[in-house]
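S.K.: Attaching a single structure in structure tokens format; questions to follow.
There are 2 protein chains.
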Amino acid sequence: MKCNCYAGECPHNLCMHKVPIFSSLSQEEMSHISSIINHNNYQKGEILFSEEDSLRSLIIINEGSVKGFKITPEGREQILHVFSVGDFFGERNLFGGQKSAYTAEALEPTKTCSFTKDDFHKILFAYPGIAIKIIETLEERIARMESTMQSMGVRSLDGRIGGLLLDFADKYGEVVPEGILIRLPLSREGIANFLGVARETVSRKLGQLEIDGVIRPVGNKNILLLDGEALKTMTGKDT
Amino acid sequence: MKCNCYAGECPHNLCMHKVPIFSSLSQEEMSHISSIINHNNYQKGEILFSEEDSLRSLIIINEGSVKGFKITPEGREQILHVFSVGDFFGERNLFGGQKSAYTAEALEPTKTCSFTKDDFHKILFAYPGIAIKIIETLEERIARMESTMQSMGVRSLDGRIGGLLLDFADKYGEVVPEGILIRLPLSREGIANFLGVARETVSRKLGQLEIDGVIRPVGNKNILLLDGEALKTMTGKDT
DNA sequence: CGAATCCTTGAGAAGTTTCAACATCCGTGG
DNA sequence: CCACGGATGTTGAAACTTCTCAAGGATTCG
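Protein chains in written order, with full-length UniProt numbering: chain B, 1 to 239; chain X, 1 to 239.
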């Protein structure tokens, strides 16, 4: 049995099909679950929840992207996560954790689906296969964070920026004839806040990478990665 | 029904009681599972598995501690995780992931329990409650990594080192009259490799913190944290 | 098209790394 | 139990990188 729902036409089922954690369910099971989904829209810059909020729901991104960050004592944003379509978050509130560890802000117009804690627990017990999917997804997230930590730990800034570009290429890249086109989820300033360096420094390093023929910026929001191998060598991600 | 097994006397049940993920099981269920556990001992410096290994088991630390690291292109170790008693790892190999993302090396004499992939999947389906425990544990790990990333992202090196000390205090600290005694899992060099800075810089910063009366080194393997509040203010972890 | 935002570039100040020498710690074997 | 040797940690000074502040340029969105 095929589903006839497409984006925008059938909002209640939308996220179910985009999200790996429900992929093991039958259409019937999905229908059952979809009845208890809550939907929300956020504009760019809008806050989904703040640090310390006792949010009690799991949020799945249906469209758009969201950054999770904390404010450092220097008053700077430290970005911890960039979530995009299909990612979920807020789950810490459902499993033992009490308060949110970070603030979540929409990076662009974003649509979400969410479950309350109670509903979600019911789902989990009714469909144990979902738990395994969640574990797999969390594993992916951990792997991504490991990769980010590896990038952040590289001594040279060139290496750190290169590592982040590779991470982004992996997640947001699209293969084109000349290389990989990366739709940057973050501005230069965002990248700087992710890596914990000055915005100007990111500019300079990116400029140098362009001179070296490794990348070619396409506007401010895209980067064409011409020589991924150079980056991999530089960052140690070539194994 | 109480268990009569104590450390060293009943190796097959040992890890079961130390590991949160099995805490929901009855004694009987534990007995069943314990029959399929494999045991291993490692000396300090011994490798449990290497990057790229297609390891197929879940490893639980029963005694000792283990670091997970990669080698950077500069030839330096980038430490990604420090696992200690009760932590498990290698799970990436069980859920979709194929290869290990890092090398695991014992930091001290270490005893482990492990399951094969197949056995573990059987357990998971037989006792669904374990899946939820695993999710909770992974959440904790993610929270810890978020904290580490936050530490790494702080601009000032003082803040980065302070953040790491707080993380360690949280996990390895023991409250004593004068403050918190931290049993460092890593050497100065290890700390440097965790944060991606020079060993000498760690020495200098730690020296400065001592002069400021924030910490007092106790030998090379312990640090007495006298003024945790100072660190929290410095790192933004005071919320 | 224009305003607001975001990005780039320059030059001096500040911080970190490097290299080198010395001190300390720890385990080994006598 | 002590002495030795390798490993680990500390300190100093010069070189390098990054940061900060400031100004000008580019991009995006309404």
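From the three backbone atoms N, C-alpha and C, an ideal C-beta is built for every residue, glycine too.
Since the structure is predicted, the reported quantities are computational estimates derived from the model, not experimental observations.
Run through the DSSP bridge pairs and tell me what V176 (chain X) is partnered with.
M.R.: Here residue 176 (chain X) refers to the residue found at position 176 of the second sequence. X:G179, per the DSSP bridge assignment.
S.K.: Looking at chain X, is there any beta carbon in it that lies within less than 7 angstroms of the beta carbon of I135 (chain B)?
M.R.: On the first sequence, position 135 is the one that residue 135 (chain B) refers to. Among the CB atoms of chain X, one or more fall inside 7 angstroms of the CB of I135 (chain B).
S.K.: A104 (chain B) touches chain X at which residues, Cβ-Cβ below 7 angstroms?
M.R.: In the first sequence, counting from the first residue as 1, residue 104 (chain B) sits at position 104. Near A104 (chain B) there are no residues of chain X at all, since even the closest Cβ is about 13 angstroms away, more than 7 angstroms.
S.K.: What does T116 (chain B) touch in chain X if you count any residue whose Cβ is under 7 angstroms from its own?
M.R.: For the purposes of this step, residue 116 (chain B) is identified with residue 116 of the first sequence, where counting begins at 1. Going along chain X, no residue has its Cβ under 7 angstroms from T116 (chain B), so there is no contact; the nearest lies around 17 angstroms.
S.K.: Roughly how many angstroms lie between the CA atoms of I21 (chain X) and N38 (chain X), to the nearest whole one?
M.R.: As a working note, residue 21 (chain X) is residue 21 in the second sequence. As a working note, residue 38 (chain X) is residue 38 in the second sequence. Each residue's alpha carbon lies about 17 angstroms from the other.
S.K.: Report all residues from its chain with a CB closer than 7 angstroms to the CB of G159 (chain B); omit the five preceding and five following residues, and keep chain order.
M.R.: Residue numbering aside, residue 159 (chain B) sits at position 159 when the first sequence is read from its first letter. Closer than 7 angstroms at the Cβ level, and outside the excluded window around G159 (chain B), lie M234, T235.
S.K.: Below 7 angstroms CB to CB, which residues in the same chain sit around D87 (chain X) once its five sequence neighbours on both sides are set aside?
M.R.: Looking up residue 87 (chain X) in the second sequence gives position 87. So the qualifying residues of the chain are I61.
S.K.: Could you check the C-alpha separation between F168 (chain B) and G179 (chain X) for me, to the nearest Å?
M.R.: Position 168 of the first sequence, counted from the start, is the residue given in the question as residue 168 (chain B). Position 179 of the second sequence, counted from the start, is the residue given in the question as residue 179 (chain X). Cα to Cα, the separation comes out at about 42 angstroms.
S.K.: Would you check if there are 3 or more beta carbon pairs closer than 8 angstroms linking the segment 184-202 of chain X to the segment 75-82 of chain X?
M.R.: Yes, they touch.
S.K.: Taking only three categories from DSSP, how would you classify P109 (chain B)?
M.R.: To locate residue 109 (chain B), count along the first sequence from 1; it is residue 109. DSSP places P109 (chain B) in coil when its eight states are reduced to three.
S.K.: Among the candidates X:E63, X:S54, X:I71, whose CA atom is the shortest distance from the CA of L94 (chain X)?
M.R.: By 1-based counting over the second sequence, the position of residue 94 (chain X) is 94. Measuring from the Cα of L94 (chain X), the nearest candidate turns out to be X:S54.
S.K.: Residues of chain X with CB closer than 7 angstroms to the CB of T233 (chain B), please, in chain order.
M.R.: Mapped onto the first sequence, residue 233 (chain B) falls at position 233. One finds P73 in chain X with Cβ atoms closer than 7 angstroms to the Cβ of T233 (chain B), taken in chain order.
S.K.: Using a Cβ cut-off of 9 angstroms, pull out every chain B residue sitting near A169 (chain X), in sequence order please.
M.R.: Within the second sequence, the letter at position 169 stands for residue 169 (chain X). Chain B residues near A169 (chain X): none, gap ~18 angstroms exceeds 9 angstroms.
S.K.: Given this structure, state the Cα-to-Cα distance separating E139 (chain X) from T103 (chain B), to the nearest angstrom.
M.R.: Locating residue 139 (chain X) in the second sequence gives position 139, where the first residue counts as 1. Locating residue 103 (chain B) in the first sequence gives position 103, where the first residue counts as 1. One C-alpha to the other measures close to 17 angstroms.
S.K.: As an exercise, report each continuous alpha helix (DSSP H) stretch of at least 4 residues that is fully enclosed by the UniProt domain "Cyclic nucleotide-binding" (21-141) of chain X, in chain order.
M.R.: 27-34, 117-126
S.K.: Nearest to D170 (chain B) by CA position, among B:L157, B:S156, B:P185, is which residue?
M.R.: Residue numbering aside, residue 170 (chain B) sits at position 170 when the first sequence is read from its first letter. For D170 (chain B), the nearest C-alpha among the options comes from B:P185.
S.K.: I'd like to know whether the C-beta of R204 (chain B) is nearer than 7 angstroms to at least one C-beta of chain X.
M.R.: What you label residue 204 (chain B) is simply residue 204 of the first sequence in a count that begins at 1. With 7 angstroms as the cut-off, R204 (chain B) does not count as an interface residue toward chain X.
S.K.: If you reduce the DSSP assignment to three classes, tell me which class K222 (chain X) lands in.
M.R.: Within the second sequence, numbered from 1, the residue matching residue 222 (chain X) stands at position 222. Going by the sequence as given, residue 222 (chain X) is Asn instead of Lys. Three-state result, N222 (chain X): strand.
S.K.: To which residues of the same chain is A106 (chain X) closer than 7 angstroms at the C-beta, ignoring the five residues directly before and after it?
M.R.: Translated into positions along the second sequence, residue 106 (chain X) becomes position 106. Excluding positions up to five away in sequence, the list reads Y42, Q43, K44, G45, E46, L48, G64, V66.
S.K.: Measuring alpha carbon to alpha carbon, tell me which of X:K133, X:S100, X:T72, X:Q150 ends up nearest S23 (chain X).
M.R.: Position 23 of the second sequence, counted from the first residue, corresponds to residue 23 (chain X). It is X:K133 whose Cα lies nearest to the Cα of S23 (chain X).
S.K.: According to DSSP, what are the bridge partners of I215 (chain X)?
M.R.: Reading the second sequence from its first residue, position 215 is the one you call residue 215 (chain X). Its beta-bridge partners are X:L225.
S.K.: When you compare only the Cα positions, how much space is there between P109 (chain X) and I182 (chain X)?
M.R.: Position 109 of the second sequence, counting from 1, holds the residue named residue 109 (chain X). Position 182 of the second sequence, counting from 1, holds the residue named residue 182 (chain X). In this structure, the straight-line span from the alpha carbon of P109 (chain X) to that of I182 (chain X) is close to 19 angstroms.
S.K.: Using beta carbons (cut-off 7 angstroms, strictly below), is A230 (chain X) in contact with chain B?
M.R.: As a position in the second sequence, residue 230 (chain X) is number 230, starting the count at 1. It does not; no Cβ of chain B falls within 7 angstroms.
S.K.: Taking its Cβ as the centre, do 16 or more other Cβ atoms sit within 10 Å of G153 (chain B), making it buried, or is it exposed?
M.R.: Walking along the first sequence from the start, residue 153 (chain B) turns up at place 153. Classification of G153 (chain B): buried, given that the 10 Å Cβ count is 16 or more.
S.K.: Given that P128 (chain X) touches chain B, what residues does it touch there, using C-beta distances under 9 angstroms?
M.R.: Along the second sequence, one-based indexing puts residue 128 (chain X) at 128. Residues of chain B passing the Cβ test: L124, F125, P128, A131.
S.K.: If you draw a straight line from the alpha carbon of I123 (chain X) to that of V214 (chain B), how long is it in whole angstroms?
M.R.: As a position in the second sequence, residue 123 (chain X) is number 123, starting the count at 1. As a position in the first sequence, residue 214 (chain B) is number 214, starting the count at 1. I123 (chain X) and V214 (chain B): Cα-Cα distance of roughly 48 angstroms.
S.K.: Would you kindly work out how many angstroms separate the C-alpha atoms of V19 (chain X) and Y127 (chain X), rounded to a whole number?
M.R.: Numbered from 1 along the second sequence, position 19 holds the residue referred to as residue 19 (chain X). Numbered from 1 along the second sequence, position 127 holds the residue referred to as residue 127 (chain X). Using only the alpha carbons, I get a separation of about 15 angstroms.
S.K.: Kindly list, in the order they appear in chain X, the residues whose Cβ is closer than 9 angstroms to that of R155 (chain B).
M.R.: Mapped onto the first sequence, residue 155 (chain B) falls at position 155. By Cβ distance, chain X contributes T72, E74, R76, G196, V197, A198.
S.K.: Taking the alpha-carbon positions, what's the L225 (chain B) to S203 (chain B) distance?
M.R.: Here residue 225 (chain B) corresponds to residue number 225 of the first sequence, with the count starting at 1. Here residue 203 (chain B) corresponds to residue number 203 of the first sequence, with the count starting at 1. Going from the Cα of L225 (chain B) to the Cα of S203 (chain B) covers about 16 angstroms.
S.K.: Kindly indicate which residue of B:D118, B:M149, B:G228, B:E189 has the alpha-carbon position closest to the one of E174 (chain B).
M.R.: On the first sequence, residue 174 (chain B) is found 174 positions in, with the first residue counted as 1. Nearest of B:D118, B:M149, B:G228, B:E189 to E174 (chain B), Cα basis: B:G228.
S.K.: Going along the chain, which residues of its own chain have a beta-carbon closer than 6 angstroms to the beta-carbon of G129 (chain X), five neighbours each way excluded?
M.R.: For the purposes of this step, residue 129 (chain X) is taken as residue 129 along the second sequence, with counting starting at 1. For G129 (chain X), where only same-chain residues beyond five positions count, the Cβ hits under 6 angstroms are S24.
S.K.: Of all Cβ atoms in chain B, is any one closer than 7 angstroms to the Cβ of G179 (chain X)?
M.R.: By 1-based counting over the second sequence, the position of residue 179 (chain X) is 179. No, G179 (chain X) does not count as interfacial toward chain B.
S.K.: Within a Cβ cutoff of 7 angstroms, which residues of the same chain sit near E210 (chain X), ignoring the five residues on either side of it in sequence?
M.R.: Counted from its first residue, the second sequence places residue 210 (chain X) at position 210. R216, P217, listed in sequence order.
S.K.: Would you say G8 (chain X) faces chain B, with C-beta separation under 7 angstroms as the test?
M.R.: One-based indexing of the second sequence puts residue 8 (chain X) at position 8. The pLDDT assigned to G8 (chain X) is 41, lower than 50, so where the model puts this residue is not dependable; a value taken from the coordinates is nonetheless given after this. It does not; no Cβ of chain B falls within 7 angstroms.
S.K.: Return the Cβ separation of K232 (chain B) and L166 (chain B) in integer angstroms, given the expectation that the two are a contact with Cβ distance under 8 angstroms.
M.R.: For this step, residue 232 (chain B) is matched to residue 232 along the first sequence. For this step, residue 166 (chain B) is matched to residue 166 along the first sequence. About 7 angstroms; that satisfies the 8 angstroms criterion.
S.K.: If you run the structure through DSSP and keep just helix, strand and coil, what is L186 (chain B)?
M.R.: Within the first sequence, numbered from 1, the residue matching residue 186 (chain B) stands at position 186. If DSSP states are grouped into helix, strand and coil, L186 (chain B) belongs with coil.
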